[in-house]
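Please read the structure below before turning to the comments.
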Amino acid sequence: MKIQHFTNQLHLLKEDESTTRKGAFIVLSAICLVGCLTFVSLAVDIGYINLVKTRMQNAVDAAALAAAQEITNAVNTAPVGTADVTQYSRDQARIAAKDVASLNDVFIDKQIDVIFGRRSFNESTQEFDVTWNASPSNVVKVIARRDNNDTSAQDGKLKLFFAGVTGDRYSTIVAQAVAYVESRDIVVVHDFSRSMNFDSYFNNESSARLSDSQIEQNLELVWNDLQMPNTGSLAFTPQYLTTTKSDYGVSATVTFKYDDLEVTSAGEIEKVQVKYTDNSYQTFNGLSGNSVNINGSKNIETAWVTARGPSENEPVTVTNNGISVTYAANRKSATMSSPQRIRELYVGFTDNSTDYRSYGSNGPYNASYSSWKEMDYMYLEVLDGRSYWYYFNAPNGGNEVTLQFDDSNWEVKQAFGLTGSYPYPRGSWDGFINHARNYSEFSSRGFRETYGGLTLMNYILRDYPGHWETPDLWKTRHFPFHAIKEGHLLLCDFLEDLGFDDHLGMVSYDTSHRQEKTMYDSDPNVPSVNISSEPITDNYQAIRDLMQYKQAAHYSYATNMGGGLEDGIQMILDNSRAGARRTILLMTDGNTNTMDSGASSSLPHGWDWDELFDYDGDGNSDYYTNSSQRRYVLRTAYDAVQNGITVHTMSVGIDADRNLMRAIAHLAGGHFIDVPGGASVADMESEVEQAFHRIASFVPPAKLMNQD
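Numbering-wise (the numbering used here), the sequence shown opens with residue 1295 and increments by one.
Here you go:
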């Protein structure tokens, strides 16, 4: 009985425990389910937030890159006459940022969410810093926001899926990106060889591309710009030597035209004899009249003109050193004309009496004299600084007189007033005259033995173009050097206006090569420059000056391109800023034709022409050379590549080695620009300026800035 009761009680107890435990599990399950749902909703919403933020971040990254790149593009493409190019470029960058963000379904307010700054090198920290809201700008920050309480707006807060379970159903999201264009350290390597003036005088190279009239115009530019002193009566258009002689009342004028003569006389010309430069003679008899043309067969050195003077009782004019005296037919009066003031007059008569007249230091240029007696001769002293009496015979009429005319350098100098000293360190008036007589390019153009600015400038540009020879040539527009100079100045202007903190240096090469850091000249009009402490600099005016006052063949004549490129590389290695893009612009108008003594043209180990110069991807080299000078340049360009330097190249003119320049640019990851030159210098100037503009525009691709 007791046992049965105990068993029943135990059974009831078990039933109560089971019922209680079932209720506790339901509660626990409910609590766990709510927790799981909360975590799931958080996970879904957080994932959604991250997805949207990633999309927004990608969008602002792309928008910032596009805006930074558009700044440069807008500077290049700004319409002519744009008053504020900086503001125009900013406006275009804002548009680019908005458009790119929109393509990624992200809204930005271009006026608020696009912020500009300037990235520049801090000399004290030796790092690049960003100054926001500075101009010009090379940094762009783009911000995308979803923080508007109006969730229906494009920038409205992000509506979440489950966040309402735990709190606010909306999330604020902000994404931003900063992009910048790298500052560049650019070294321009200029060709200063003599061929840089070839388009400005007559030679085989210029004649192959330019018309004679264009070369003449180029020579006239040099003549006008140079303003050469002591050039007497030379005009630009060259003239033949023309001299006038008189004796016993007979005067004649002879113009020497190499192997021809033009002869005129107030009297009757009866005979002309000529002597050629080979010492042979020829006589032309039976002549008549007051004017004859003599067609010789060789270069005429001397001419003798035989003419008969005016008949009795006719006026006669006698000249001496530019002074003329005209005697009346009865020889009892005379008129005098002089380029200098007449100071004294002494007259002799046929009866052996004399007369004297003083006019003083303010005497006339033209005077007359008369007497009741017949004059036999006259002496004049003029104010020419010589204290010399000039003799004028009063001859009887009808005399036959032979006058001698010499085509000598002395006669040329007297005729054109080249009696002062030659004004430059090298060259001479005799050298110029001999150039006009003998330069082969003149004979077919009608300029042989002509004297003027055209032939004088041709002489200087061909024979004495160096700064140590003709130092004033930097003032002149000689081509293609002047076109390169203008392009260089434009490059400085563009980089300064762009404001990307690009720094610029300069190297020049000819027979030798040098880093251009200083300039000191005895000419007070030439500024002094010294950027030795920072040869790659943002002192653009110094870089302008270093080029502005240079000339073709400034230091020497030949073309050592490899040496110039070596100096450019060394300047960058010694002076480039950490974090700046290293860049060289190498230009030439001709062919590299020399190299440093002891320089090696051996190519580096592993050099593979097919790999390095396969332009079209067919596995075969598109360039090859055996030239030691060219290999020297290529080896140097390869060194640039190994040092992380990009080399752009520019060839100017018809004779430039385009194949080599293209190969260098391909090897060194740069751009090759060809300026063949048009039919005129104006064409070349325009093309060169466009080329330098393109080079300046080859900014590195925009980069995203690490904002950690």
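Every residue gets a Cβ at the ideal spot worked out from N, C-alpha and C, and that includes glycine.
- Taking C-beta separations shorter than 7 Å and ignoring five residues to either side along the sequence, the partners of Arg-1488 in its chain run Pro-1759, Ala-1846, Ala-1847 and Tyr-1851, following chain order.
- The count of Cβ pairs closer than 8 Å, one atom from the segment 1637 to 1651 and one from the segment 1660 to 1676, reaches three, so the stretches are in contact.
- In the DSSP assignment, Asn-1614 forms a beta bridge with Ile-1617.
- Annotated three-state conformation of Lys-1592 is coil, per DSSP.
- Boundaries of the alpha helix (DSSP H) harbouring Ala-1391: 1379 to 1397, taken from the DSSP string.
- Cβ-Cβ distances below 7 Å link Asn-1703 to Asp-1724 and Ile-1727 in the same chain, with the five nearest sequence neighbours on each side left out; the list follows chain order.
- Excluding five sequence positions before and after Val-1400, the CB atoms of its chain that fall closer than 6 Å to its own CB belong to Met-1350, Ala-1353 and Ala-1438, given in chain order.
- Looking only at Arg-1440, Thr-1419, Ala-1372 and Ala-1358, the smallest Cα-Cα distance to Phe-1410 is reached by Ala-1358.
- Cβ contact annotation for Arg-1924 (same chain, cutoff 7 Å, sequence separation greater than five): Thr-1886 and Leu-1954, in chain order.
- Phe-1578 is the residue among Tyr-1918, Asn-1584 and Phe-1578 whose C-alpha sits nearest the C-alpha of Gly-1590.
- Cβ neighbours of Phe-1788 within its own chain (closer than 7 Å, five residues either side excluded): His-1987 and Ala-1990.
- Here the alpha carbons of Gly-1884 and Asn-1497 stand approximately 15 Å from one another.
- Approximately 5 Å separates the beta-carbon atoms of Val-1369 and Ser-1383; this is inside 8 Å, confirming the contact.
- Going by DSSP, Phe-1550 is part of the beta strand (DSSP E) stretching over 1544 to 1551.
- Around the CB of Leu-1535, 16 or more other CB atoms lie within 10 Å, so the residue is classed as buried.
- Sequence-distant Cβ neighbours of Lys-1453 in its own chain, meaning closer than 7 Å and more than five residues away, are Thr-1445, Arg-1463 and Tyr-1464.
- Counting the other CB atoms within 10 Å of its CB gives Gly-1964 a total of 16 or more, which places it among the buried residues.
- Nearest to Tyr-1918 by alpha-carbon distance, out of Arg-1625, Thr-1376, Leu-1928 and Gly-1911, is Leu-1928.
- With 16 or more other Cβ atoms inside 10 Å of its own Cβ, Ile-1588 counts as buried.
- Assigned with DSSP and collapsed to three states, Gly-1857 falls in helix.
- Fully contained in the segment 1447 to 1520 are the following beta strand (DSSP E) runs of length 3 or more, in chain order: 1467 to 1474 and 1478 to 1485.
- Here Gln-1698 carries a strand assignment [DSSP, helix/strand/coil].
- At a Cβ-Cβ threshold of 9 Å, Val-1475 and Leu-1879 do not count as neighbours.
- Around the C-beta of Arg-1680, fewer than 16 other C-beta atoms lie within 10 Å, and the residue is accordingly described as exposed.
- The three-state reading of DSSP puts Asp-1444 in coil, since its state is none of H, G, I, E or B.
- Contact annotation, Val-1516 with Leu-1906: C-beta distance approximately 43 Å; criterion of less than 8 Å not satisfied.
- As DSSP reads the structure, His-1965 sits in no beta bridge.
- For Ile-1825, there is no enclosing alpha helix (DSSP H), as DSSP gives it neither H nor E.
- Between the C-alpha atoms of Leu-1859 and Met-1865 there is a straight-line separation of about 10 Å.
- Leu-1750 and Asn-1690 have their alpha carbons spaced roughly 44 Å apart.
- Rounded to whole angstroms, the separation of the alpha carbons of Ser-1662 and Asn-1624 is 15 Å.
- Counting only unbroken stretches of 4 or more residues, the alpha helix (DSSP H) elements lying wholly within the segment 1664 to 1728 are 1703 to 1710, in sequence order.
- By the CB criterion at 9 Å, Ala-1959 and Tyr-1926 fall outside the cutoff.
- Straight through space, the alpha carbons of Met-1855 and Lys-1569 are spaced by roughly 51 Å.
- Note that the C-beta distance between Met-1944 and Asp-1968 is below 9 Å.
- Here Ala-1560 has Ser-1545 as same chain residues with Cβ atoms under 6 Å from its own Cβ, once five neighbours each way along the sequence are excluded.
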